[in-house]
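Colleague: 407 is the number of the first residue of the sequence shown in the numbering used here; add one for each residue after it. Each residue gets a CB set at the ideal place from its N, CA and C atoms; glycine is no exception.
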Amino acid sequence: MSLEKARLFSDVLRGDPGARILWSRPGVDRHRQYEKVRARGALATSRRGLLFTASHALCHQVLTSGDFGPAPIGASARRRNATGDTTRVHPVDDSFLKLEPPRHTELRSLVAPTFHRRELTDLGPRIEKIVGNCLNELPHGQVTDLITNYAEAVPMAMISEILGLPSTEAPRFAAWGNLLASLLDGARTAQERERSRALVTEMTAYFKDRLNHVDPQSAGLIAGLAQQCPAQLNLREAIATCGMLLVGGFGTTTHLLGNTLYTLLRQPDLRPADGDYTAVIEESLRYDTPVQYVVRVAKADTRLAGRAVTAGTPVVLLLAAANRDPEIFTDPHVFDPGRREPHRHLTFGAGIHFCIGAALARAEAVTAVQSFFERYPNAQISGKAGLLQSRALHGLRRLPVVLGT
Ligand code: HEM
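1) Let me know the secondary structure DSSP gives THR451 once reduced to three states.
2) In terms of alpha-carbon separation, which member of HIS466, PRO507, LEU585 and GLY480 lies closest to ALA798?
3) Which two residues bound the contiguous alpha helix (DSSP H) that contains LEU585?
4) How would you label ASP621, buried or exposed, when you count the other beta carbons within 10 angstroms and need 16 or more for buried?
5) Taking all protein chains shown into account, do 16 or more other C-beta atoms lie within 10 angstroms of the C-beta of ARG746, making it buried, or fewer, making it exposed?
6) Would you kindly work out how many angstroms separate the C-alpha atoms of ILE628 and ASN618, rounded to a whole number?
7) Following the continuous beta strand (DSSP E) through ASP551, name the residue where it begins and the one where it ends.
8) Among all the DSSP beta bridges, which residues are the ones paired with PHE458?
9) Restricting to runs no shorter than 3 residues, where is the beta strand (DSSP E) found entirely within the stretch 682-762?
10) Is VAL772 helix, strand or coil when you go by DSSP?
11) Please classify ASP694 as buried or exposed, where buried requires at least 16 neighbouring CB atoms within 10 angstroms.
12) How big is the Cα-Cα spacing for ALA625 and GLY570?
13) May I ask whether a heavy atom of ligand 1 can be found less than 7 Å away from the beta carbon of ILE758?
14) Just mark SER871 as buried or exposed, buried being the case when its beta carbon has 16 or more other beta carbons within 10 Å.
15) Using 8 Å as the Cβ pair cut-off and three pairs as the minimum, do the stretch 717-726 and the stretch 484-494 touch?
16) Considering only C-alpha positions, which residue in the set ILE565, ALA604 and LEU794 is nearest to HIS496?
17) By Cβ distance below 7 Å, which residues in the same chain neighbour THR708 in space, the five residues on each side in sequence not counted?
18) Does the separation of the CB atoms of VAL686 and PRO748 fall below 8 Å?
19) Taking all protein chains shown into account, do 16 or more other C-beta atoms lie within 10 angstroms of the C-beta of ALA769, making it buried, or fewer, making it exposed?
20) If I follow the unbroken alpha helix (DSSP H) through VAL560, where does it start and stop?
21) Under a three-way DSSP split, which group does ILE787 fall into?
22) Quick check on this structure: which residue in PRO508, GLY718 and PHE760 has the alpha carbon closest to the alpha carbon of LEU469?
23) Among the residues of its own chain, which have a CB less than 6 Å from the CB of GLY792, if the five just before and after it don't count?
24) Looking at the secondary structure, which residues open and close the beta strand (DSSP E) in which PHE474 lies?
25) Just to confirm, does PHE735 get its C-beta within under 7 Å of one of the non-hydrogen atoms of ligand 1?
26) Here's a check: name, in chain order, each residue in its chain whose Cβ is nearer than 8 Å to the Cβ of PRO732, leaving out the five neighbours to either side.
27) Identify the continuous beta strand (DSSP E) that holds LEU529 and give its terminal residues.
28) When DSSP labels each residue in this structure, what does ARG599 get in the three-state scheme?
29) Using DSSP bridges, identify the partner residues of VAL807.
30) What are the start and end residues of each continuous alpha helix (DSSP H) run of 4 or more residues lying completely inside the stretch 625-655, in chain order?
31) Look at the Cβ atom of PRO678, then the Cβ atom of LEU456, and state whether they are nearer than 8 Å.
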């Protein structure tokens, strides 16, 4: 055990709620840990200098406050940015997710229109086509893994099409998409670190080649970004934007689909009689929050929940816990698609970094889940579901199912 791990473990033994969350393994009831944070008040201090909050009001306040910003990137990423190095561009750390205005606003506005509702209305038939194709590919009468073959396949095909990437390269994209968990969690071993570095380097080379050689008249966001490069954004920024959209668009929506299908396969009575899955998806977003937490850092000395917070202090915003805050949600630990406050969850964040793909994820999920149960109302789970090995993400990596008729 490394010294760092040993320290963390000793904090766990001392009952430090933050350490327990960072130490926790998939399979444990994370909400038990989150409730311990909540029990300590709006803001819990960890021995490791981090602040944690399970409060909906406080998460929202920090996300929308100018006093806090995304956690700063490391020295090596800053160096690569300064030199314009395009051999390794990190899809999260080097993307606009980590930037402050005005650069954040400028880069976000280059891609945001693609995800506006009007565009998505046009995308509706495309989503239906992709979902139909993925359903046709599922094997009848034998056990199939619903995560790989459906929950991953649908968002992967969708984001590939939006970017203008060939669907034949889906297996390679799947490996990159699955990278999101290790990027958000941080590598735990030298082997994991090496693997993420290799995948990031491979993804960088791929997008660099695409941006340099794409036909400017072709459909898709990559052609649009290539046209705007270098006047509006440099090559590094363009590569990072592509990477962020790919891993962000795929690695999260997969878990929304997987988690919802798993719930509805175990509890068929939750499937809506009128066939409209909108409320079920909204409740799944709240109850089974795919991105469990995000981190913000105090930009200067400030105050939070009546307490002094020094510049540079990280605050872990437990979105999954905020989504079960009894101050906002009645019977928060109950999956209830009929609840009165369905849209108040913080699953897509809030403020200037609010998820750009929220409407797309919702549209994909409603169509994919509804169409699945229309086609396979008798589908049955036929083996143990495998939990995703991640702290920051909540989802499944395996869900064996027999489709039936
Ligand atoms: C269920 C699916 C999804 C979930 C739960 C989710 C969650 C989130 C969250 C929590 C944030 C805010 C992060 C922060 O404040 O630090 C975020 C930002 C973002 N998401 Fe999503 N996301 C989903 C789907 C998508 C899709 C489909 C796309 C792209 C097509 C996407 C692209 C982005 C981007 C680009 C940002 C950064 C926005 C900015 O910094 O201005 N996400 N997402």
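Modeller: Per the coordinate set shown:
1) strand
2) LEU585
3) 585-591
4) exposed
5) exposed
6) 10 Å
7) 549-551
8) ALA450 and VAL722
9) 700-704, 708-710, 713-715 and 720-723
10) helix
11) buried
12) 6 Å
13) yes
14) Past the edges of the chain, shown from 407 to 811, lies residue 871, and the structure says nothing about it.
15) no
16) ALA604
17) ASP473 and VAL715
18) no
19) buried
20) 559-569
21) strand
22) PHE760
23) ARG803 and ARG804
24) 474-476
25) no
26) PRO738
27) Not the beta strand (DSSP E): LEU529 falls in the alpha helix (DSSP H), residues 523-543.
28) helix
29) THR550 and ILE787
30) 627-634
31) no
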